[in-house]
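Trainee: Line order of the protein sequences matches chains A and B.
Residue numbering for the first sequence follows the numbering used here, beginning at 1 and increasing consecutively.
Residue numbering for the second sequence follows the numbering used here, beginning at 554 and increasing consecutively.
No residue lacks a Cβ here, since even glycine has one placed at the ideal position from N, Cα and C.
The structure displayed is predicted, hence computed values, not measured ones.
There are 2 protein chains.
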Amino acid sequence: MIKSPLQKARSKYIPKLPKSLEENVALITGEASEAIADKAAIKQMFPNTYGLPLVTFEAGDISENQILNVGVVLSGGQAPGGHNVISGLFDRLKKLNNRNQLFGFIGGPDGLLNNSFIDLHSEIVSEYRNTGGFDIIGSGRTKIEDEASYDKVIANCLKNNINALVIVGGDDSNTNACVLAEYFQEKKAGIQVIGCPKTIDGDLKNSFIETSFGFDTACKVYSELIGNIQRDANSAKKYWHFIKLMGRSASHISLECALKTQPNIAIISEEIEKYKLTLNKIVGQIAEVVKKRANKGENFGTVLIPEGLVEFMPSIKKLISELNDILASKPEYNKLPTSQEKRDFITGLLSEESAKVYSSLPDSFAKQLTLDRDPHGNVQVSKIETEKLLIDMVTDRLDKDQSFHGKFNAQNHFFGYEGRCAAPSNFDADYCYSLGCTAALLINSGKTGYMAFIKNTSGNSDKWLAGGVPITMMMNMERRNGHEKPVIQKALVDLKGNPFLMFRSKRKEWATNSDYIYPGPIQYFGPSEVCDAPSETLLLEQESSFQDELVTV
Amino acid sequence: MIKSPLQKARSKYIPKLPKSLEENVALITGEASEAIADKAAIKQMFPNTYGLPLVTFEAGDISENQILNVGVVLSGGQAPGGHNVISGLFDRLKKLNNRNQLFGFIGGPDGLLNNSFIDLHSEIVSEYRNTGGFDIIGSGRTKIEDEASYDKVIANCLKNNINALVIVGGDDSNTNACVLAEYFQEKKAGIQVIGCPKTIDGDLKNSFIETSFGFDTACKVYSELIGNIQRDANSAKKYWHFIKLMGRSASHISLECALKTQPNIAIISEEIEKYKLTLNKIVGQIAEVVKKRANKGENFGTVLIPEGLVEFMPSIKKLISELNDILASKPEYNKLPTSQEKRDFITGLLSEESAKVYSSLPDSFAKQLTLDRDPHGNVQVSKIETEKLLIDMVTDRLDKDQSFHGKFNAQNHFFGYEGRCAAPSNFDADYCYSLGCTAALLINSGKTGYMAFIKNTSGNSDKWLAGGVPITMMMNMERRNGHEKPVIQKALVDLKGNPFLMFRSKRKEWATNSDYIYPGPIQYFGPSEVCDAPSETLLLEQESSFQDELVTV
Chain A
1 MIKSPLQKAR
11 SKYIPKLPKS
21 LEENVALITG
31 EASEAIADKA
41 AIKQMFPNTY
51 GLPLVTFEAG
61 DISENQILNV
71 GVVLSGGQAP
81 GGHNVISGLF
91 DRLKKLNNRN
101 QLFGFIGGPD
111 GLLNNSFIDL
121 HSEIVSEYRN
131 TGGFDIIGSG
141 RTKIEDEASY
151 DKVIANCLKN
161 NINALVIVGG
171 DDSNTNACVL
181 AEYFQEKKAG
191 IQVIGCPKTI
201 DGDLKNSFIE
211 TSFGFDTACK
221 VYSELIGNIQ
231 RDANSAKKYW
241 HFIKLMGRSA
251 SHISLECALK
261 TQPNIAIISE
271 EIEKYKLTLN
281 KIVGQIAEVV
291 KKRANKGENF
301 GTVLIPEGLV
311 EFMPSIKKLI
321 SELNDILASK
331 PEYNKLPTSQ
341 EKRDFITGLL
351 SEESAKVYSS
361 LPDSFAKQLT
371 LDRDPHGNVQ
381 VSKIETEKLL
391 IDMVTDRLDK
401 DQSFHGKFNA
411 QNHFFGYEGR
421 CAAPSNFDAD
431 YCYSLGCTAA
441 LLINSGKTGY
451 MAFIKNTSGN
461 SDKWLAGGVP
471 ITMMMNMERR
481 NGHEKPVIQK
491 ALVDLKGNPF
501 LMFRSKRKEW
511 ATNSDYIYPG
521 PIQYFGPSEV
531 CDAPSETLLL
541 EQESSFQDEL
551 VTV
Chain B
554 MIKSPLQKAR
564 SKYIPKLPKS
574 LEENVALITG
584 EASEAIADKA
594 AIKQMFPNTY
604 GLPLVTFEAG
614 DISENQILNV
624 GVVLSGGQAP
634 GGHNVISGLF
644 DRLKKLNNRN
654 QLFGFIGGPD
664 GLLNNSFIDL
674 HSEIVSEYRN
684 TGGFDIIGSG
694 RTKIEDEASY
704 DKVIANCLKN
714 NINALVIVGG
724 DDSNTNACVL
734 AEYFQEKKAG
744 IQVIGCPKTI
754 DGDLKNSFIE
764 TSFGFDTACK
774 VYSELIGNIQ
784 RDANSAKKYW
794 HFIKLMGRSA
804 SHISLECALK
814 TQPNIAIISE
824 EIEKYKLTLN
834 KIVGQIAEVV
844 KKRANKGENF
854 GTVLIPEGLV
864 EFMPSIKKLI
874 SELNDILASK
884 PEYNKLPTSQ
894 EKRDFITGLL
904 SEESAKVYSS
914 LPDSFAKQLT
924 LDRDPHGNVQ
934 VSKIETEKLL
944 IDMVTDRLDK
954 DQSFHGKFNA
964 QNHFFGYEGR
974 CAAPSNFDAD
984 YCYSLGCTAA
994 LLINSGKTGY
1004 MAFIKNTSGN
1014 SDKWLAGGVP
1024 ITMMMNMERR
1034 NGHEKPVIQK
1044 ALVDLKGNPF
1054 LMFRSKRKEW
1064 ATNSDYIYPG
1074 PIQYFGPSEV
1084 CDAPSETLLL
1094 EQESSFQDEL
1104 VTV
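1) Please confirm whether ARG801 of chain B has its beta-carbon closer than 7 Å to some beta-carbon of chain A.
2) If contact is defined by three or more beta carbon pairs under 8 Å, each pair taking one atom from either stretch, is the region 701-710 of chain B in contact with the region 673-684 of chain B?
3) Does the beta carbon of LEU559 of chain B sit closer than 7 Å to a beta carbon anywhere in chain A?
4) Quick one: does GLN368 of chain A have its CB under 7 Å from some CB of chain B?
5) So, for ILE689 of chain B: in the same chain, excluding its five sequence neighbours on each side, which residues have a beta-carbon less than 6 Å away from its beta-carbon?
6) Using a Cβ-Cβ cut-off of 7 Å, state whether ALA422 of chain A counts as contacting chain B.
7) Check the Cβ-Cβ distances between GLY133 of chain A and every residue of chain B, and say whether any is below 7 Å.
8) Note down, in chain order, each residue of its chain lying with its Cβ closer than 6 Å to the Cβ of ASN979 of chain B, except the 5 sequence neighbours on either side.
9) Would a check of beta-carbon distances place ILE139 of chain A closer than 7 Å to chain B?
10) Can you name the residues of chain B whose CB is closer than 7 Å to the CB of SER235 of chain A?
11) Taking only beta-carbon positions, decide if PHE213 of chain A is within less than 7 Å of chain E.
12) From CYS421 of chain A to LEU778 of chain B, what does the alpha carbon distance come to, in whole angstroms?
13) If we count the other Cβ atoms within 10 Å of its Cβ and call it buried at 16 or more, is LEU120 of chain A buried or exposed?
14) So, are the CB atoms of ILE715 of chain B and VAL626 of chain B less than 7 Å apart?
15) Three Cβ pairs or more, each shorter than 8 Å: is that satisfied between the region 741-750 of chain B and the region 984-997 of chain B?
16) Using 8 Å for Cβ pairs, my map puts ASN334 of chain A next to VAL303 of chain A. What's the rounded Cβ distance?
17) Does the pairing of the region 780-788 of chain B with the region 646-661 of chain B give three or more beta-carbon distances under 8 Å?
18) May I ask you to list the residues that DSSP assigns as paired with PHE184 of chain A?
19) Tell me whether LYS68 of chain A is buried or exposed, calling it buried when 16 or more other Cβ atoms sit within 10 Å of its Cβ.
20) Quick check: GLU1089 of chain B and LEU757 of chain B, are their CB atoms within less than 7 Å of each other?
21) Let me check understanding here. Comparing Cα to Cα, which of A:ASP171, A:LEU389, A:ILE471 and A:GLN285 lies closest to LYS143 of chain A?
22) Within 8 Å, do at least three Cβ pairs link the region 1068-1081 of chain B to the region 789-803 of chain B?
23) Does the Cβ-Cβ distance between LYS960 of chain B and ASN848 of chain B come in under 7 Å?
24) So THR370 of chain A packs on LEU319 of chain A, CB below 8 Å; how close in whole Å?
25) Find the nearest neighbour of GLU587 of chain B within the set B:LEU1092, B:VAL1040 and B:THR1025, judged by alpha-carbon distance.
26) Between the region 177-192 of chain A and the region 394-410 of chain A, are three or more C-beta pairs nearer than 8 Å?
27) Out of A:SER403, A:ALA328, A:THR338 and A:ASP363, which one is the CA nearest neighbour of LEU349 of chain A?
28) Just the chain A side, please: which residues come within less than 9 Å of ASP952 of chain B by C-beta, in chain order?
29) Considering just the uninterrupted stretch of the beta strand (DSSP E) at MET246 of chain A, what are its terminal residues?
30) Can you tell me the Cα-Cα spacing of GLU223 of chain A and LEU17 of chain A, whole angstroms?
31) Flag this pair as touching only if the region 592-612 of chain B and the region 629-648 of chain B have three or more C-beta atom pairs under 8 Å; answer yes or no.
32) Using beta carbons (cut-off 7 Å, strictly below), is GLY169 of chain A in contact with chain B?
33) Of all the CB atoms in chain B, is at least one closer than 7 Å to the CB of TYR333 of chain A?
34) Apart from the five residues just before and just after ARG10 of chain A, which ones in its own chain have a Cβ nearer than 8 Å to its Cβ?
35) How should ASP952 of chain B be labelled, buried or exposed, when 16 other C-beta atoms within 10 angstroms of its C-beta is the threshold for buried?
36) Along chain A, in chain order, which residues have C-beta atoms closer than 7 Å to that of LEU778 of chain B?
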């Protein structure tokens, strides 16, 4: 591997740890915990891992435990900082006892099932310190969901003398980690399971997990690009840029990027859902801003669009669901010769409301809704080019608007893969390293079914607080594929939270003015105010005057 | 304007100047110059500005001239560093004589015609030091091409007592600057014109102009993103990423980004043209690499695609030209009800060769070629989604290939606007500031029809050489819109040049291996090897052992 000059220089960075973790620690045990909702049901499903106490670490002197052989798994989409979780885990294991060992399962949960792993020794780990990506061992999306698989994991761990697993993943992977922990306890398998909160989407968040790792870095990369595009828009003064941002259902990324860059418009899906805004209404609101700016002679601007938007517009959601049924049950559709006939055929089968929505869609988008289906017969929402749809519909709206005398030319962008594997910001490098270290300490304390946490992360890392939260404590029951399941509650954007309220208080000005901020690229070596700032979301959430509103759980 | 922390910190950066420009200078006059080709024709068209001597500046002591009132114009697409050309120009004018003044014409050449300008005083200039974008005065693409317009410019300059113009632009804008200089001399208007070499595309380049400003920064931004995507590909191991890069006709950007990131495939249009490669051949070559990697179990990779590719494939170029004619002459086409009928109609009118190409194209792309036309009836090549076309065709090819047993899933990207207004790298910040300073010195020396240049730019800025090259010296005659015109020769990628040869010597390895480099984002504050390196293209072009091959003029 040829390393870039930045990579070489960055490899020397020593991530900051909470002061309490710098030397030996003592475990402080809190009160017994409860699930945030559906307590009885969750208690019943997790008899061995329910009600565990919250634990924290303070500087102290606990003795080392038995020799630890730990396996680590990276699960799901990449997020900046995964390699630092591993280096923090490795360093702490070695500090606890030089005979402790760390193994990395290859390609995500598949590695656990196939017994495919590597010894993560010092030289390998050193190659990956402070780098982006999950390429040290790869990741995967396989779910381990049945007893046969659980038993296979037990057999593979025992074969290799592995007595603890660290699962690095999002809400689903951590839910799964807890299921494994419970099963291993029930079977007295002697294998602990600790989770780490990962996802750029920012939707694994509650009063203990202040942020998921990767969110900070990914948003900084997207904001760099949005800022550059805004500077271009403000220089050329001839394009509206419609920018779709990754982030699955929740709009945390769009909100964070909006707070960082002050675009003319940022759509927040959670608000769309709350006020049941239709596609036409959204198009109308965008067109109004375009007109207002055109009246000032400014035929340019920026619109941020969360990837998950279509799922939050009730009418489109309903339409998609009806389309799924029609396409699954009417194979004759595919034999119709022309797109018009296809469209007419479908319109005839839709409910009145959906037919109206469907007929309002431009051809290209209507086609997308009916063509791109996944193997389960579902529309792949992430492939729907919402940014192009909005451009088409706004164009159409303005064409028909006699009172619009400006120009509307638009460019579309989609940012996702650009940020998931960036080298972690100082925040994520420190946060991840601390999480890894905490995971090692939780294992050393004999804990299982816990997620490592670091709190007070908006302030100086000296004062960060490390500990473990029982995963069951973050759970509630939700309907998934027709069944009630215990899952970690997903955090959507809180419309009463400081980040959204701050955005809402400013957006009117941002819409008509060109109040753009140009954050520039992530810096690793400059002044602290440039390199070390956490996300705007975190700063606003932890503003003490609003503490009461912070807890989203 | 709210400034980001990086912007604030970066505003304090003092751009490096060539040692020779640090204090007072003396003008060194070289031999009379000649045009690179078509000498007689160009001499005839530029009787007043042809054959001027090359000039350079050395440390010395020349006396100040009359008071200078200078107007600056930003012309064409944005490029990182434009604001530093202005600050270098401003600072040197003030150093020469504190009563000198700088005015900025608003919105590009339009400002000259409309007499729309602002006084670029110290406070304004300071706000924009080391920032990206052209928003200090805006830019525009209007061409000043007839005598009435020339006279208007003279009248506006005289009205405002402006005795020199600095035109910051690409090859066309600088050609135009020379036409203005010639006209002003002929009319004894007393207005000097100096050009500055700007364009991210990198195609304004010759033995004097080693690089155009903005190329370095833009390529660094694109390479950051390509690197991040490659790390993602190498972690998730499930996608091929097809990445189209801005850069108009020439493939300098793709080549530079390839040298920086080592993708599996990078297409260089100039090579496609030289070997007359068809679209099918290109698709076949990509499919071969996909297969080779699949055989190693690696169902992922990256492909860099220059924006101008379609123009370099002879068969597509011919097809587009025939389509232009058909669509202009057959309005009945638009009335045909179905896309199939439209396609059949066109096929019937194409030459046999073009009909064959046309029928090989996927529907969506065929439709793009016939739908998206500019006001002059031409296909807008920049809007053709070559990256999607290639994905579709490679998918199709592999579907039909019995010997392919891998998976091929692809994502497409297009990077352009993301890099044009980034804050300039140290290289561009220094280079642009030095160009602006040099432009001031050329004006002070009474020169007109010159382009400011800085040479030896691959080495330490101490040893950079500053001077002026007569614009006529870089000209030849070219056919444009049916007329022979004197223009600055555009530099395409030199297939015998070091950058391409280096790429060619490595690409076989890069194709099958995953030799990705991850450059990371531009750094402004770190170690010199991270922050100050010029482009790979420049370094390779100036490697002394290959000096003879460097001169592209």
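Mentor: According to the structure data:
1) no
2) no
3) yes
4) no
5) Counting only Cβ-Cβ distances below 6 Å, and skipping sequence neighbours, we find HIS636 and TYR681.
6) yes
7) yes
8) CYS1084 and ASP1085
9) For the record, residue 139 of chain A in the displayed sequence is Ser; it is not Ile. Cβ-Cβ to chain B under 7 Å: yes for SER139 of chain A.
10) GLN631, GLY686, PHE687, ASP688, GLY691, SER692 and CYS974
11) Absence of chain E from the displayed structure is noted, the protein chains being A and B.
12) 10 Å
13) buried
14) no
15) yes
16) Going by Cβ atoms, the distance from ASN334 of chain A to VAL303 of chain A rounds to 35 Å, so no, they are not a contact pair.
17) no
18) None, per the DSSP bridge assignment.
19) Correcting the residue identity first, residue 68 of chain A is Leu in this sequence and not Lys. LEU68 of chain A comes out buried.
20) Against a cut-off of 7 Å, the Cβ pair of LEU757 of chain B and GLU1089 of chain B comes out as no contact.
21) A:ASP171
22) no
23) no
24) Not quite, the Cβ-Cβ distance comes to about 11 Å (not below 8 Å), so this is no contact.
25) Considering only alpha carbons, the answer is B:THR1025.
26) no
27) Ranking A:SER403, A:ALA328, A:THR338 and A:ASP363 by Cα distance to LEU349 of chain A puts A:ALA328 first.
28) Here the premise fails: no neighbours, minimum Cβ distance about 16 Å.
29) Where MET246 of chain A is concerned, there is no enclosing beta strand (DSSP E), given that its DSSP letter is neither H nor E.
30) The sequence shown places Ser at residue 223 of chain A, rather than the Glu named in the question. The alpha-carbon atoms of SER223 of chain A and LEU17 of chain A are separated by roughly 27 Å.
31) no
32) Answer no: the Cβ-Cβ gap between GLY169 of chain A and chain B never drops below 7 Å.
33) Not one chain B Cβ lies under 7 Å of TYR333 of chain A.
34) Around ARG10 of chain A, the same chain offers ASN130, THR131, ALA423 and TYR524 as residues with beta carbons nearer than 8 Å, after the five sequence neighbours per side are excluded.
35) Residue environment: ASP952 of chain B is assigned as exposed (fewer than 16 neighbouring CB atoms within 10 Å of its CB, all protein chains considered).
36) Chain A residues near LEU778 of chain B: GLU418.
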